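Engineer: Convert by adding 10 to the 1-based position in the sequence shown; the result is the number in this note's numbering. One structure coming up, written as structure tokens, with questions to follow.
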Amino acid sequence: MSEGASKIFVFPVITISLLFAVLGLFFPTFLSSIQYPVLGILVVTIGLPHGATDYLLFKRINGHNLTRKQIIKFFGFYLFAVFGFLVLWLVLPVLSFVIFILISSYHFGQSNWENVALPKTYTFLLHILWGAFAIGGSVLWHWQESKIIIGQVIGALPDISSATMDKIQLAIVALNIISILLLKLVKKISTKRLWNELGKLAILSSMFYLTPMMIGFTLYFTLWHSLGSMLSQVSFYKKRWPNFTVTDYYHQAAPYTILAVVGFIIMINGHQYLLPNVSPISTFLVFIACVTLPHIFFVEESYN
Numbered sequence: 011m012s013e014g015a016s017k018i019f020v021f022p023v024i025t026i027s028l029l030f031a032v033l034g035l036f037f038p039t040f041l042s043s044i045q046y047p048v049l050g051i052l053v054v055t056i057g058l059p060h061g062a063t064d065y066l067l068f069k070r071i072n073g074h075n076l077t078r079k080q081i082i083k084f085f086g087f088y089l090f091a092v093f094g095f096l097v098l099w100l101v102l103p104v105l106s107f108v109i110f111i112l113i114s115s116y117h118f119g120q121s122n123w124e125n126v127a128l129p130k131t132y133t134f135l136l137h138i139l140w141g142a143f144a145i146g147g148s149v150l151w152h153w154q155e156s157k158i159i160i161g162q163v164i165g166a167l168p169d170i171s172s173a174t175m176d177k178i179q180l181a182i183v184a185l186n187i188i189s190i191l192l193l194k195l196v197k198k199i200s201t202k203r204l205w206n207e208l209g210k211l212a213i214l215s216s217m218f219y220l221t222p223m224m225i226g227f228t229l230y231f232t233l234w235h236s237l238g239s240m241l242s243q244v245s246f247y248k249k250r251w252p253n254f255t256v257t258d259y260y261h262q263a264a265p266y267t268i269l270a271v272v273g274f275i276i277m278i279n280g281h282q283y284l285l286p287n288v289s290p291i292s293t294f295l296v297f298i299a300c301v302t303l304p305h306i307f308f309v310e311e312s313y314n
């Protein structure tokens, strides 16, 4: 979770992550059998709502009383970004996948290091490195599982062994440890933050390694990233609207969350026309990529 997230949720998130890691160690078949229900419940209740309040972010950036032109600009940009990226994915899937991984990595790293100020080049590298760890933990440590999903949406993949992917992920973990130590060395983080970040790496590494790919990534995306982001956003909104609560957040997010769910259902039912020979979970990957692009843009504007 981000440093700005409420401390109340840190212990439950850590506990749930370690619990799933233990279940993955002793009951891997059981976890595999429940991974899709877990994915659906957590994404709908936490994952999608955290990105469904981008309109609030837009209002925070541009002022509470938006003009009709500004409202049209917001929804026009959002629809163009979503459907434009979908078209790009259908035409150039490999390029689209690379773009998605890069922007997602940056976004995950941005939420983790939101309170650390560095020159832009170093900030970008720090964010990408953390995001590579977060994505690679599920993808690279479970390569036999993930390459099937990725291969369906981008075509043939290079013949790389699971052992090689394991080593790449370990190297990414090592680089993140080095980056954390360097941040402490240049006094950008406190000693407490140093141990918190090293502990976070250890907990997430255990969770990623011991749980199935979809379980590990879903837990990270919803509990560690989305929940932390939601709490940070609520804190930001309270500064502008003092009476703003988590209930208000979900109320604001509800229409866009429902719209996203309906859009996903339509995409799943029609995926055989858009993405023939592609499984629903691979279609879900494309769907998440398309709705993530405009979300990341507005979050970046908000941080700026």
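Even for Gly, the Cβ is constructed at its ideal location relative to N, Cα and C. Just so you know, these numbers come straight off a predicted model, no measurement behind them.
Starting from the C-beta of Ser-215, find all residues in its chain whose C-beta is less than 7 Å away, skip the five residues before and the five after it, and write them out in chain order.
Structural biologist: Answer for Ser-215: Gly-147, Val-183, listed in chain order.
Engineer: In terms of alpha-carbon separation, which member of Trp-151, Ile-187, Val-163 lies closest to Ile-170?
Structural biologist: Selected option, being the one with the closest Cα: Trp-151.
Engineer: What number of angstroms, rounded off, separates the C-alpha of Lys-177 from the C-alpha of Tyr-230?
Structural biologist: Going by the C-alpha atoms only, they are around 21 Å apart.
Engineer: What are the boundary residues of the alpha helix (DSSP H) that includes Gln-40?
Structural biologist: Looking at the sequence provided, one finds Phe at residue 40 rather than Gln. Start and end: 38–52.
Engineer: Expressed to the nearest angstrom, what Euclidean distance is found between the alpha-carbon atoms of Gly-14 and Phe-294?
Structural biologist: With a pLDDT of only 49 at Gly-14, under the threshold of 50, the placement of this residue in the model should not be trusted; the figure read from the coordinates follows. Using only the alpha carbons, I get a separation of about 30 Å.
Engineer: If you count every other CB in all the chains shown that lies within 10 Å of the CB of Ile-26, and 16 or more means buried, which is it?
Structural biologist: Exposed: under 16 other Cβ atoms inside 10 Å.
Engineer: Give me, in chain order, the residues of the same chain whose beta-carbon lies closer than 8 Å to that of Thr-255; leave out the 5 immediate sequence neighbours on both sides.
Structural biologist: Excluding residues within five positions, the ones whose Cβ falls inside 8 Å are Val-244.
Engineer: Out of curiosity, what's the CA-to-CA distance linking Phe-307 and Ile-275?
Structural biologist: Cα-Cα distance, rounded: 25 Å.
Engineer: List the endpoints of the continuous alpha helix (DSSP H) containing Asp-176.
Structural biologist: Per DSSP, Asp-176 belongs to the alpha helix (DSSP H) from 172–195.
Engineer: Helix, strand or coil for Leu-208, going by three-state DSSP, please let me know.
Structural biologist: DSSP places Leu-208 in helix when its eight states are reduced to three.
Engineer: Mapping the DSSP letters down to three states, classify Asn-125 as helix, strand or coil.
Structural biologist: Coil.
Engineer: Would you tell me roughly how many angstroms separate the C-alpha atoms of Gly-119 and Gly-34, rounded to the nearest one?
Structural biologist: Spanning the two alpha carbons is a distance of roughly 26 Å.
Engineer: So, Val-309 versus Val-54, is the Cβ gap smaller than 8 Å?
Structural biologist: Going by C-beta atoms, Val-309 is not nearer than 8 Å to Val-54.
Engineer: Pick helix, strand or coil for Asn-75, following the three-state DSSP scheme.
Structural biologist: The answer is coil: DSSP assigns Asn-75 none of H, G, I, E or B.
Engineer: Please confirm whether Met-277 and Phe-246 have their CB atoms less than 8 Å apart.
Structural biologist: Taking 8 Å as the Cβ cut-off, Met-277 and Phe-246 do not qualify as a contacting pair.
Engineer: In terms of residues, what are the limits of the alpha helix (DSSP H) holding Thr-55?
Structural biologist: Careful: Thr-55 lies outside any alpha helix (DSSP H) and carries neither H nor E.
Engineer: May I ask which residues mark the beginning and end of the alpha helix (DSSP H) holding Phe-134?
Structural biologist: Counting along the chain, the alpha helix (DSSP H) containing Phe-134 begins and ends at 130–149.
Engineer: As an exercise, report each continuous beta strand (DSSP E) stretch of at least 3 residues that is fully enclosed by the stretch 251–313, in chain order.
Structural biologist: Taking only runs of at least 3 residues, no beta strand (DSSP E) segment lies wholly in the stretch 251–313.
Engineer: Helix, strand or coil for Gly-165 per DSSP?
Structural biologist: In the structure shown, Gly-165 sits in coil (DSSP, three-state: anything other than H, G, I, E or B).
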